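In our numbering, the protein residues as written are 43 to 510.
For each residue, glycine too, the CB sits at the ideal point set by N, CA and C.
In this text, all values refer to a predicted model and were calculated from it rather than measured experimentally.
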RNA sequence: GCCCCCAUCGUCUAGUGGCCUAGGACACCACCCUUUCAAGGUGGCGGCACGGGUUCGAAUCCCGUUGGGGGUGCCA
């Protein structure tokens with residue numbers, strides 16, 4: 043437990059899903075804690091009653107584990123729950139009140155707005171600073187913001203100055219006596235001896251207030267680092283409403299954790315050298331906050347998908363087969379899949395694509411896609427080729443090479459190359475015009491099934507009505 | 001409105017005063033390979049927002065403009 047290294051923290055509030063931006067922030071903290079021999083402290087900020095469900099915490103822990111941040115790791119500490127420390131937050135607030143660093147105010151939000159409107163200056167104007175109010179129902183405790191400048195030293199942004207003239211006396215305790223985020227956050231960070239606060243840029247405007255609180259409470263502020271936010275194509279902060287932000291969703295759609303982690307780390311930062319696909323161990327060694335970019339980064343699903351495809355192809359064949367097993371129906375014959383797995387591995391970018399690519403190998407009959415069929419059958423020789431192939435395939439040797447040679451020769455007799463000749467056979471047998479290499483698939487399917495499908499297709503008219 | 005942050009190809013980035021005729025990746029295009037589709041290979045397209053300085057020399061330093069973003073709750 044006792045560790046003299048730096049202490050980082052990740053402090054999400056439970057929301058029911060894990061935001062990809064949060065994942066990147068967690069990864070930054072994790073990389074640093076691991077490399078520096080420090081700690082990664084997980085604190086669930088559950089003080090908002092509206093956001094408080096036990097299963098949401100489980101979701102956070104599962105998501106972290108998926109991206110390699112394990113509660114089993116010695117560098118991991120927690121989770122702590124902010125709601126359990128409410129009495130410490132209140133005690134700190136009372137200390138501030140007693141020493142005159144905070145004061146009570148009985149103005150309602152409406153009254154504050156009216157005063158602001160009347161004076162033309164937005165925000166709270168410090169009306170109750172010297173009214174000597176004590177605690178009472180509906181009285182909020184406000185921090186007496188000292189005049190002057192607050193200089194925030196930020197590892198990614200350098201020195202940022204804030205003039206107190208623009209920092210209002212913010213609320214510490216609500217009218218019902220419960221602590222606010224700014225206070226709770228600081229008190230917890232102090233109690234947990236956090237040395238480095240690495241979080242998203244949206245918290246930068248909070249930082250002078252929190253730093254004042256650290257100082258008012260008699261402690262040295264931590265090292266701050268505000269990393270740029272992740273944005274969508276409209277350059278707006280990624281939001282649950284507009285964008286696909288849930289880590290769980292990407293996971294369910296067949297994205298690999300390694301690919302996700304690697305991609306996330308290239309947003310706002312890049313490993314040295316000419317390749318971005320690098321193992322975590324290398325990232326962990328190389329990552330520096332000082333090298334993080336200052337501008338928001340677009341979360342590009344297309345690039346993520348490209349990374350994912352690369353990671354899928356990097357898997358040793360047997361690893362791919364094992365991984366794929368979780369993504370195909372349980373009743374599918376694993377031996378059959380294994381025979382074509384290498385053909386699939388180079389053709390998918392996400393794990394969910396696997397099943398749809400080879401489903402025709404596992405069904406008794408095949409649904410023919412009308413568009414594919416109609417297009418293929420437009421070729422004048424298509425029907426004749428299919429018909430002849432059905433005859434040749436009754437008697438030829440049943441292996442990939444023979445199947446290919448026979449169709450190639452047959453095609454020549456009709457004046458077409460193999461590329462053209464295979465088309466009607468492909469649609470007839472697989473139902474689609476694209477898919478894994480045909481002859482391998484035929485071999486695996488077996489003569490009986492292939493012939494049955496070809497004959498059934500021969501019964502079809504040249505033009506099929508579209509499904510819908 | 002006010003406060004703060006930011007600005008290299010469409011996107012993610014390398015670059016920290018001369019190695020830059022600005023490098024890589026994704027996307028896109030072409031060609032090669034090829035049984036469809038991929039994968040792979042080769043090549044191409046494409047950028048230092050603008051204007052002033054500083055300097056022998058600026059993508060790199062300073063100022064301004066413009067353009068983005070974040071914040072502005074008795075949410076976190």
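Alpha carbon to alpha carbon, what distance is there between residue j and residue i?
i           : j           : result
residue 187 : residue 291 : 43 Å
residue 368 : residue 297 : 13 Å
residue 203 : residue 383 : 58 Å
residue 334 : residue 228 : 25 Å
residue 376 : residue 499 : 28 Å
residue 120 : residue 289 : 21 Å
residue 58  : residue 458 : 58 Å
residue 329 : residue 313 : 8 Å
residue 72  : residue 357 : 25 Å
residue 81  : residue 74  : 9 Å
residue 365 : residue 308 : 25 Å
residue 267 : residue 331 : 7 Å
residue 218 : residue 177 : 10 Å
residue 117 : residue 347 : 31 Å
residue 113 : residue 104 : 10 Å
residue 192 : residue 264 : 14 Å
residue 190 : residue 154 : 24 Å
residue 171 : residue 149 : 12 Å
residue 131 : residue 90  : 14 Å
residue 310 : residue 223 : 27 Å
residue 216 : residue 126 : 17 Å
residue 460 : residue 326 : 50 Å
residue 194 : residue 394 : 46 Å
residue 441 : residue 321 : 40 Å
residue 350 : residue 152 : 52 Å
In three-state DSSP terms, what is residue i?
i           : result
residue 203 : strand
residue 423 : coil
residue 311 : coil
residue 149 : coil
residue 430 : helix
residue 195 : strand
residue 293 : helix
residue 282 : coil
residue 389 : coil
residue 162 : coil
residue 240 : strand
residue 267 : strand
residue 84  : strand
residue 131 : helix
residue 273 : strand
residue 123 : strand
residue 221 : strand
residue 317 : coil
Report yes if the C-beta distance between residue i and residue j is below 9 Å; otherwise report no.
i           : j           : result
residue 508 : residue 481 : no
residue 421 : residue 465 : yes
residue 111 : residue 60  : no
residue 272 : residue 415 : no
residue 340 : residue 277 : yes
residue 355 : residue 478 : no
residue 428 : residue 470 : yes
residue 183 : residue 139 : yes
residue 495 : residue 408 : yes
residue 221 : residue 135 : yes
residue 424 : residue 497 : no
residue 246 : residue 300 : no
residue 106 : residue 50  : no
residue 78  : residue 306 : no
residue 396 : residue 370 : yes
residue 387 : residue 359 : yes
Whose CA, out of the options, lies closest to the CA of residue i?
i           : options            : result
residue 173 : 147, 253, 351      : 147
residue 225 : 169, 387, 185, 401 : 185
residue 352 : 495, 392, 69, 361  : 392
residue 260 : 462, 473, 141      : 141
residue 430 : 478, 440, 448      : 448
residue 211 : 362, 144, 238      : 144
residue 399 : 385, 129, 412      : 385
residue 564 : 492, 336, 154      : Outside the shown range of the chain, which is 43 to 510, sits residue 564, and nothing can be said about it.
residue 434 : 451, 350, 239, 418 : 451
residue 486 : 77, 158, 380       : 380
residue 343 : 311, 223, 280      : 280
residue 238 : 115, 48, 394, 370  : 48
residue 406 : 270, 418, 374      : 374
residue 108 : 302, 492, 262      : 302
Below 8 Å, how does it come out for the stretch 77-87 and the stretch 246-257: are there three or more Cβ pairs, yes or no? no
Is the stretch 228-248 touching the stretch 160-170 in the sense that three or more CB pairs, one from each, lie closer than 8 Å? no
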